[in-house]
Amino acid sequence: MSPSVVTTESSHDVITDGNDSAAALLTVDAIDVHYGPIQALRAVSLTIGSGERVALVGANGAGKTTTLRAISGLLAPTRGRITFDGEPIGGMAANKVVQRGIAHLPEGRELFFGLSVEENLRAGFWSQRRAGRAYKSQRDQVMDHFPILRERAHQAAGTLSGGEQQMLGVARALMSNPRLLIVDELSLGLAPKIVSQLFDILAEINRAGTAVLIVEQFVHMALANTDRAAVLAKGEVVLAGPSRDLLADPQLIATYLGEQAPKPDEPPRRPSRRAPKRTSNRT
Ligand SMILES: Nc1ncnc2c1ncn2[C@@H]1O[C@H](COP(=O)(O)OP(=O)(O)O)[C@@H](O)[C@H]1O
Ligand SMILES: [Mg+2]
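Residue 16 is where the sequence shown starts when you use my numbering, and the numbers rise one by one after that.
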């Protein structure tokens, strides 16, 4: 096992390696989240520094979306604390969290498909209008990252390609001028080449000063494009550390992510043809 990767039983202080949590932009401290009687998260902790890129990976059902929804105010933790920029935000209403500077691009994008690109961007701007910012300068600044959207400003979102729709999702999130951008399943339904372009755009956005938290099923790509990462399994953080250390340890990825970890250019594995036939002659 790589010595710099932290393995943990208790998830306190897991992702603080090289990262002063006092200076963290976002601190998620031992949160539990329930759906009615079902506990989806157990003492999940993570920190994101100002301007950092962090990946949250894990198998289907591990709790990635639930963690993002708790951060952005769509779910209230039943225990633990979430702090953004030194202020507690756990359980705060989602619209207030956006105003504090966290933008969440949900799984499946949730665009207004019948509205134009421009109208979708306008919808992402509401929190800033309140803050008195000028729409046009914000839109132009965001569009600089997405020249293709500028060309398609008057086209309905539903007529864009999948990759362009995901760009619009990111662009709409950026319209709220966030300090932290959260993206759930960046690659959903997209070809690896397009995902790679999207990661390049996120890197550009990050260089301009926005911290990024991504949930991603292409684990190798997620790790190659982030500074640090946390692995969730069954609602708990089981591993955390610098992304390059996790990337260098395929054993760890195999243990916690199994079949959920295709390399970007590899097709998903098919079941073996040599699997033994089921026999029904046992009594
Ligand atoms: N609305 C819901 N009601 C009940 N259980 C849910 C709901 N959403 C998710 N869950 C459960 O919570 C767990 C974590 O789900 P989720 O956060 O969506 O995982 P991931 O995003 O990692 O695939 C799963 O066991 C899932 O079945
Ligand atoms: Mg999910």
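Ideal Cβ positions, reconstructed from N, Cα and C, are used throughout, including at glycine.
Since the model is a prediction, treat every value here as computed from it, not as a measurement.
Going along the chain, which residues of its own chain have a beta-carbon closer than 8 Å to the beta-carbon of Val157, five neighbours each way excluded?
The residue given as residue 157 occupies position 142 in the sequence shown. Leu136, Ala186, Leu189 and Met190.
Residues of its chain near Ala109, where Cβ-Cβ distance is below 7 Å and the 5 sequence neighbours each way are ignored
One-based indexing of the sequence shown puts residue 109 at position 94. Cβ within range, chain order: Ser87, Gly88 and Leu89.
Does the count of Cβ pairs from the stretch 153-170 and the stretch 196-208 closer than 8 Å reach three?
no
Which term fits Arg144, buried or exposed, when burial requires 16 or more other beta carbons within 10 angstroms of its beta carbon?
Residue 144 sits at position 129 when you count from the first residue of the sequence shown. Its Cβ having fewer than 16 others within 10 Å, Arg144 is exposed.
Helix, strand or coil at Glu102 [DSSP, three-state]:
Mapped onto the sequence shown, residue 102 falls at position 87. Glu102: strand per DSSP, three-state reduction.
Is the stretch 238-254 touching the stretch 66-74 in the sense that three or more CB pairs, one from each, lie closer than 8 Å?
yes
Mind listing which residues have their beta carbon within less than 6 Å of any non-hydrogen atom of ligand 3? Chain order is fine.
Ligand 3 is not part of the structure shown, which contains ligand 1 and ligand 2 as its ligands.
Classify Arg154: buried if its beta carbon has 16 or more other beta carbons within 10 angstroms, exposed otherwise.
Residue numbering aside, residue 154 sits at position 139 when the sequence shown is read from its first letter. Arg154 is buried by the Cβ-count criterion.
Where does Arg194 sit, in a helix, a strand or coil, going by DSSP?
Stepping through the sequence shown from its first residue, residue 194 is reached at position 179. In the structure shown, Arg194 sits in coil (DSSP, three-state: anything other than H, G, I, E or B).
Identified DSSP bridge partners for Thr42:
Here the question's residue 42 lines up with position 27 in the sequence shown. Answer is Thr62 and Thr98.
Taking Cβ to Cβ, would you say His119 is nearer than 9 Å to Leu83?
Residue mapping note: residue 119 aligns to position 104 of the sequence shown, counting from 1. Residue mapping note: residue 83 aligns to position 68 of the sequence shown, counting from 1. Yes, these two residues count as a Cβ contact at 9 Å.
In angstroms, rounded to a whole number, what distance separates the CA positions of Ala58 and Thr174?
By 1-based counting over the sequence shown, the position of residue 58 is 43. By 1-based counting over the sequence shown, the position of residue 174 is 159. Their backbone Cα atoms lie some 42 Å apart in a straight line.
Give every residue of the same chain whose Cβ lies closer than 7 Å to the Cβ of Lys249, excluding the five residues on either side of it in the sequence, and list them in chain order.
For this step, residue 249 is matched to residue 234 along the sequence shown. These residues qualify, in order along the chain: Ala77.
Flag this pair as yes or no: are the beta carbons of Met182 and Ser211 separated by less than 9 Å?
Here residue 182 is taken as the residue at index 167 of the sequence shown, counted from 1. Here residue 211 is taken as the residue at index 196 of the sequence shown, counted from 1. Not closer than 9 Å, so no.
So, are the CB atoms of Ile46 and Ala74 less than 9 Å apart?
Here the question's residue 46 lines up with position 31 in the sequence shown. Here the question's residue 74 lines up with position 59 in the sequence shown. Contact: no.
Which same chain residues end up closer than 6 Å to Ile209 when comparing Cβ atoms and leaving out the 5 residues on each side of it in sequence?
Residue 209 sits at position 194 when you count from the first residue of the sequence shown. Same-chain partners within the cutoff: Gly178.
Secondary structure of Leu71, DSSP reduced to three states:
Here the question's residue 71 lines up with position 56 in the sequence shown. Looking at Leu71 - three-state DSSP - the assignment turns out to be strand.
When we look at the beta-carbon of Phe140 and count the other beta-carbons within 10 Å, is it buried (16 or more) or exposed?
What you label residue 140 is simply residue 125 of the sequence shown in a count that begins at 1. Label assigned to Phe140: buried.
Could you check the C-alpha separation between Pro103 and Ile97 for me, to the nearest Å?
Locating residue 103 in the sequence shown gives position 88, counting from the first residue. Locating residue 97 in the sequence shown gives position 82, counting from the first residue. Going from the Cα of Pro103 to the Cα of Ile97 covers about 6 Å.
Drop a sphere of 10 angstroms on the beta-carbon of Asp159, count the other beta-carbons inside from all chains shown, and report buried for 16 or more, exposed for fewer.
Sequence index remark: in the sequence shown, residue 159 carries index 144 (1-based). Under this definition Asp159 is an exposed residue.
Would Tyr226 and Gly64 qualify as a contact pair, given that the criterion is a beta-carbon distance under 9 Å?
Translated into the one-based positions of the sequence shown, residue 226 becomes position 211. Translated into the one-based positions of the sequence shown, residue 64 becomes position 49. The question names Tyr, but residue 226 in the sequence shown is Ala. Yes.
Ser152 vs Gln114 beta-carbon contact at 9 Å
Here the question's residue 152 lines up with position 137 in the sequence shown. Here the question's residue 114 lines up with position 99 in the sequence shown. Going by C-beta atoms, Ser152 is not nearer than 9 Å to Gln114.
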